[in-house]
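A short worksheet on the structure shown next.
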Amino acid sequence: MRYLVVIFSLVLFACNEKPKSKSLSADDIVNKSIAISGGEKFGNSKIEFDFRDKHYLAKRSKGNFILTRAFKIDEDSVFDILSNEGFERFINADFIKLPDSTKVKYTASVNSVHYFSVLPYGLNDGAVNKKLLRGVTVKGQPYYKINVTFNEDGGGEDFEDVFIYWINKNTFKVDYLAYSYNEDDGKGLRFRESYNERTTNGLRFVDYNNYKPKDNTIVLSNLDQLFETDSLILLSKIELENISVDLINN
């Protein structure tokens with residue numbers, strides 16, 4: 235009889251024990267973040283906005299894309315186009331043949347603004363590698379911490395850059411990001427704090443406070459600690475204006 239009581243107790247304990255929640259992978263977290271921000275609507279849309287003194291337009295549909303920027307240099311109108319076919323520049327509607335080194339520079343410049351404008355969309359591209367780091371708390375909020383690197387094949391001119399994304403465990407929104415860069419004019423680190431969240435036609439957009447550390451010897455993954463102690467320098471603000479979104483029905 236005593237053995238029956240023990241067995242019954244064990245069965246009762248097993249029935250009452252709550253099932254352990256499944257741990258989320260880096261892919262799971264990023265997928266949820268993309269979905270909460272607009273999901274595949276980004277991939278079938280026409281987005282326009284102004285950033286500083288330039289006008290940007292992005293059209294994405296069925297894996298094809300056209301990313302443009304338009305601005306003035308003195309009295310000349312400059313129109314840059316980056317698409318699946320490559321980069322082209324027009325000045326006053328005339329095609330301008332550029333050296334390869336210049337095309338690479340302008341390609342990176344156009345792509346960078348469009349890339350940041352729709353984050354976290356794009357983090358599932360084929361050249362992206364994601365790794366889940368140890369979770370942290372920033373300003374009292376819990377965060378998943380995702381390390382992102384890029385393959386050389388398909389990773390673009392800046393494939394050696396490293397990114398870290400802080401994704402809120404409660405909302406699955408990207409509240410902070412940081413990255414390292416290595417360019418011809420130097421290397422450095424940046425930390426961005428999102429603000430001014432708004433939704434346009436189902437797509438989430440944010441602006442950023444753009445910070446840098448006092449020196450570049452800091453480890454990229456430790457920038458959140460410097461932010462917590464107000465030890466970063468506010469370098470600039472990344473603000474998108476006059477955003478408009480048209481969704482494309484395939």
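The opening residue of the sequence shown carries number 235 in the working numbering; numbering runs sequentially from there. In this text, a Cβ means the ideal position worked out from N, Cα and C, and glycines have one as well. Since we're looking at a predicted model, the values are computed, not measured.
- Contacts around VAL264, its chain only, beta-carbon distance under 7 Å, and the 5 residues preceding and following it disregarded: Against the sequence shown, residue 264 aligns to sequence position 30. PRO354, LEU357, ASN358, LYS364 and ILE380, listed in sequence order.
- Message: Between which residues of its own chain and ASN416 is the CB-CB distance below 7 Å, once the five residues before and five after are set aside?
- Response: Counting from one through the sequence shown, the residue named residue 416 turns up at place 182. Once the five neighbours on either side are set aside, the close Cβ partners of ASN416 are GLU394.
- Residues near THR302 in its chain [Cβ-Cβ closer than 8 Å; skip 5 each side]: Position 68 of the sequence shown, counted from the first residue, corresponds to residue 302. Once the five neighbours on either side are set aside, the close Cβ partners of THR302 are TYR290, LEU291, ALA292, PHE313, ASP314, ILE315, LEU316 and VAL344.
- Message: Under 8 Å, with one C-beta from each stretch per pair, do the segment 255 to 262 and the segment 323 to 340 reach the 3-pair mark?
- Response: no
- Whole-Å CB distance - LEU326 paired with SER311, under 8 Å assumed: Here the question's residue 326 lines up with position 92 in the sequence shown. Here the question's residue 311 lines up with position 77 in the sequence shown. Note on identity: in this sequence residue 326 is Asn, with Leu being the wrong assignment. 6 Å between Cβ atoms; contact.
- So the beta strand (DSSP E) ASN476 belongs to, where does it begin and stop? Looking up residue 476 in the sequence shown gives position 242. Taken as a continuous stretch (DSSP letters only), the beta strand (DSSP E) holding ASN476 covers 475 to 481.
- Under 7 Å between C-beta atoms of TYR413 and PHE439: Working through the sequence shown from its first residue, we reach residue 413 at position 179. Working through the sequence shown from its first residue, we reach residue 439 at position 205. Result no, Cβ atoms of TYR413 and PHE439 do not sit closer than 7 Å.
- By Cβ distance, which residues of its chain are closer than 8 Å to ASN430, with the 5 residues on each side in sequence left out? If you number the sequence shown from 1, residue 430 lands on position 196. Within the same chain, ASN430 has close Cβ partners VAL440, ASP441 and GLU473.
- Going straight from the alpha carbon of THR405 to that of GLU386, what length do you get? By one-based count along the sequence shown, residue 405 stands at place 171. By one-based count along the sequence shown, residue 386 stands at place 152. The alpha-carbon atoms of THR405 and GLU386 are separated by roughly 32 Å.
- Task: Please classify GLY406: does DSSP put it in a helix, a strand, or coil?
- Result: Sequence index remark: in the sequence shown, residue 406 carries index 172 (1-based). The sequence given here places Phe at residue 406; Gly does not occur at that position. Here PHE406 sits in coil by DSSP.
- So which of LYS266, ASP449 and LYS275 has the shortest CA-CA distance to LEU437? Taking the sequence shown and counting its residues from 1, the one referred to as residue 437 is at position 203. Out of LYS266, ASP449 and LYS275, LYS275 has the C-alpha closest to the C-alpha of LEU437.
- So is PHE321 buried or exposed if we call it buried at 16+ other beta carbons inside 10 Å? For this step, residue 321 is matched to residue 87 along the sequence shown. Burial state of PHE321 is buried, judged by a 10 Å Cβ sphere holding 16 or more other Cβ atoms.
- Give, in chain order, every unbroken run of the beta strand (DSSP E) that is at least 3 residues long and sits entirely within the segment 431 to 459. 437 to 446
- According to the neighbour-count rule (16 or more other Cβ atoms, all chains shown, within 10 Å of its Cβ), is ASP409 buried or exposed? Here residue 409 refers to the residue found at position 175 of the sequence shown. The residue in question, ASP409, is buried, as its Cβ has 16 or more Cβ neighbours within 10 Å.
- Can you tell me whether DSSP reads GLY320 as helix, strand or coil? Translated into positions along the sequence shown, residue 320 becomes position 86. It is a strand residue.
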